[in-house]
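Here the structure comes first, spelled out in C-alpha cells, and everything after it is commentary.
There are 2 protein chains.
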Amino acid sequence: MPDTPTSPADQMIRASRGRNTSARSRVLAALLNAERALTHQEIAQRLDSQGILDRVTLYRTLDWLVDQGLAHRVSGEDRAWRFNASGGAEAHEHAHFKCTQCGQVFCLGEVSTAFAIQLPRGFQSRHIELSIKGVCNACAHRGQ
Amino acid sequence: MPDTPTSPADQMIRASRGRNTSARSRVLAALLNAERALTHQEIAQRLDSQGILDRVTLYRTLDWLVDQGLAHRVSGEDRAWRFNASGGAEAHEHAHFKCTQCGQVFCLGEVSTAFAIQLPRGFQSRHIELSIKGVCNACAHRGQ
DNA sequence: ATAAAAACGCAACAGAGTTGCACTAAATAA
DNA sequence: TTATTTAGTGCAACTCTGTTGCGTTTTTAT
Numbered sequence: 059m060p061d062t063p064t065s066p067a068d069q070m071i072r073a074s075r076g077r078n079t080s081a082r083s084r085v086l087a088a089l090l091n092a093e094r095a096l097t098h099q100e101i102a103q104r105l106d107s108q109g110i111l112d113r114v115t116l117y118r119t120l121d122w123l124v125d126q127g128l129a130h131r132v133s134g135e136d137r138a139w140r141f142n143a144s145g146g147a148e149a150h151e152h153a154h155f156k157c158t159q160c161g162q163v164f165c166l167g168e169v170s171t172a173f174a175i176q177l178p179r180g181f182q183s184r185h186i187e188l189s190i191k192g193v194c195n196a197c198a199h200r201g202q
Numbered sequence: 059m060p061d062t063p064t065s066p067a068d069q070m071i072r073a074s075r076g077r078n079t080s081a082r083s084r085v086l087a088a089l090l091n092a093e094r095a096l097t098h099q100e101i102a103q104r105l106d107s108q109g110i111l112d113r114v115t116l117y118r119t120l121d122w123l124v125d126q127g128l129a130h131r132v133s134g135e136d137r138a139w140r141f142n143a144s145g146g147a148e149a150h151e152h153a154h155f156k157c158t159q160c161g162q163v164f165c166l167g168e169v170s171t172a173f174a175i176q177l178p179r180g181f182q183s184r185h186i187e188l189s190i191k192g193v194c195n196a197c198a199h200r201g202q
C-alpha cells in the first residue's frame, strides 16, 4: 500500500463527470484540509507553494466543484465568496458562523430549522440559511 | 395643513444628529417608498428622475443612514448591498427572503429564533440572521 | 451676513469576479 | 502507443461594486 494510492480529492473528482486535472485535485485537497470556508484569495495563497494557479482557472475550478456538489459556496459580509468542501452530498441545511471582526466563516452543524415563517403570497421557499454573526474564538481572545 | 409639512423622511433625518441635506432626504424617501430592499443601482435609478446624485454621495448617504439606524443593509448573493428603511429602531431580528431567480431581497416579519445551536468553544454570538432562498411571486408566475 | 464644519462631486483607484480566445493536456479512439 | 477530440487552462482585458483623496459647495451656528 503506497503512500498516495489516490488522494481522497482525486477519488471524489473521479466519481464526478469531468476530467481529473491537477488544478481540481489541488483545489479540492486544499478545501478538504481547511478548517473553515476559504476565499478565493486564501485558496490561492495555500496553493501557490506548489506552483501558481491562474486566477481565472481557480474561479472556474471552484465553480465546477460547486456544480458537482463537491464544494459549497457561502456569501460573507465582505462581498467575497467563500468555499468549503461539502461531504459530497448535496444536503447541507447547516448554519454558518461569520466573525464580524476578522470576517472568517465557519460551518456549524446541522440545524433543526423548526420555525414557522409566513411567506408572502406566491413566494416559494427552497432553502433556509441561518447565519450567526459574532466573534470567533481567536478574535475574542485577541481582545479588541 | 399643507400637502408636505415636512416629509416623513425629513422628520426622521432631523431627529438624528447630522445635517438635513437634499441627498439624505431624497434617498431616505426612496427607501421608505420601496416595497423591498434596494441596491445602490436601483436607488440611483429611482432618484435620477429628480436630478442625478453622485455615485459616491449616494454610497456615503447610505452609510450615514445605516449609521443613524434609519436604514439597514442586507447582503445579497450577488455581492451587492441592499438597503431598506428600518422602522427607526435598531431592533431588526427579522428574516430575509432572497429570490434565486431575480436576486431581489424582501424583508420578512420578526422571527422567533428558538433554535439551540451549539457554537464552538470561545465563539460568541451577537446576532442571528435567517434568510430564506426561493422564488418570489413574480418569478414564480413568470415561469422559468 | 459670516465663518466653520459637514456634505458633496469629481477623478482616480481597488478588489472580486467574468468573458473571449488561443493554447495545452486529459480522455478516448485508432 | 500514437493520434484525435474536446474539456480545461492561461492570458489579457473588462465589468461591477465600492472606496479614497481632495478641492468646492451647502448647512448650520454665530
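Residue numbers (this note's numbering), protein chains in the order written: chain A, 59 to 202; chain B, 59 to 202.
The beta-carbon is built from N, C-alpha and C at its ideal position, and this holds for glycine as well.
Say whether chain B places a C-beta atom closer than 7 Å to the C-beta of Arg94(A). Not an interface residue.
Alpha carbon to alpha carbon, how far is Ser74(A) from Ala87(A)? Using only the alpha carbons, I get a separation of about 15 Å.
Close-in-space but distant-in-sequence residues of the same chain around Arg137(B) (CB under 6 Å, 5 per side omitted): The answer is none, since no qualifying residue turns up.
Buried or exposed for Cys160(B), please, with buried defined as at least 16 other CB atoms from any protein chain shown within 10 angstroms of its CB. Cys160(B) should be labelled exposed.
To the nearest angstrom, report how far apart Gln176(B) and Ser189(A) are at their CA atoms. Approximately 13 Å between the Cα atoms of the pair.
At 4 residues or longer, and completely inside the stretch 70–106 of chain B: list those alpha helix (DSSP H) runs for me, N to C. Entirely contained in the stretch 70–106 of chain B, the alpha helix (DSSP H) runs reaching 4 residues are, in chain order, 80–91 and 98–105.
Neighbourhood of Ala143(B) by C-beta, 6 Å cutoff - its chain only, sequence neighbours within 5 removed: Within the same chain, Cβ atoms closer than 6 Å to the Cβ of Ala143(B) are found at Leu89, Leu90 and Ala129, the five residues on either side in sequence being excluded.
Which of helix, strand or coil does DSSP assign to Arg131(A)? In the structure shown, Arg131(A) sits in a strand (DSSP, three-state: E or B).
For Tyr117(A), which residues from the same chain have a beta carbon less than 8 Å from its beta carbon, with the 5 sequence-adjacent residues on both sides left out? If we look at Tyr117(A) and ignore the five residues flanking it on each side, its Cβ neighbours are His98.
Three-way DSSP call (helix, strand, coil) for Gly146(A) in this model: A caution first: Gly146(A) carries a pLDDT of 42, below 50, which makes its placement in the model too unreliable to give a value.
Roughly how many whole angstroms lie between the Cα atoms of Cys165(A) and His154(A)? Those two C-alpha atoms are separated by around 5 Å.
Please confirm whether Cys165(A) has its beta-carbon closer than 7 Å to some beta-carbon of chain B. No, its Cβ sits nowhere closer than 7 Å to a Cβ of chain B.
Just the chain A side, please: which residues come within less than 8 Å of Thr64(B) by C-beta, in chain order? Near Thr64(B) there are no residues of chain A at all, since even the closest Cβ is about 32 Å away, more than 8 Å.
Is there a Cβ from chain A that is less than 7 Å from the Cβ of Ala129(B)? By this cut-off, Ala129(B) is not an interface position.
Looking at Thr119(B): is its Cβ nearer than 7 Å to the Cβ of Val85(B)? Contact: yes.
Can you pull the chain B neighbours of Ser144(A), defined as C-beta to C-beta under 9 Å? Here the premise fails: no neighbours, minimum Cβ distance about 16 Å.
Excluding the 5 residues preceding and the 5 following Glu187(B) in the sequence, name in chain order all residues of the same chain whose CB lies nearer than 6 Å to its CB. The answer is none, since no qualifying residue turns up.
Which residues, taken in chain order from the stretch 108–126 of chain B, show a beta carbon closer than 9 Å to some beta carbon of chain A? Result list empty, no residue passes.
Could you spell out the range, first to last residue, of the beta strand (DSSP E) harbouring Ala138(A)? No beta strand (DSSP E) holds Ala138(A); DSSP gives it neither H nor E.
Below-7 Å beta-carbon distance, Val132(A) vs any chain B residue: No - not a single Cβ of chain B is within 7 Å of the one on Val132(A).
Check the Cβ-Cβ distances between Leu89(B) and every residue of chain A, and say whether any is below 7 Å. Chain A, which has no Cβ nearer than 7 Å to the Cβ of Leu89(B), makes this no.
Within the continuous beta strand (DSSP E) that includes Arg184(B), where are the two ends? For Arg184(B), the uninterrupted beta strand (DSSP E) run begins and ends at Gln182 to Val193, by DSSP.
Hey, would you say Asp106(B) sits closer than 7 Å to Ser83(B), going by beta carbons? No, the Cβ-Cβ distance between Asp106(B) and Ser83(B) is not below 7 Å.
Cβ closer than 9 Å: which chain A residues qualify as neighbours of Phe141(B)? When 9 Å is used as the limit between beta carbons, Phe141(B) is near no residue of chain A, the shortest such separation being about 14 Å.
Chain B contact for Gln182(A) (CB, 7 Å cutoff): By this cut-off, Gln182(A) is an interface position.
Min CB distance His152(B) to chain A below 7 Å: Against chain A, the CB of His152(B) has no partner CB under 7 Å away; the residue lies outside that interface.
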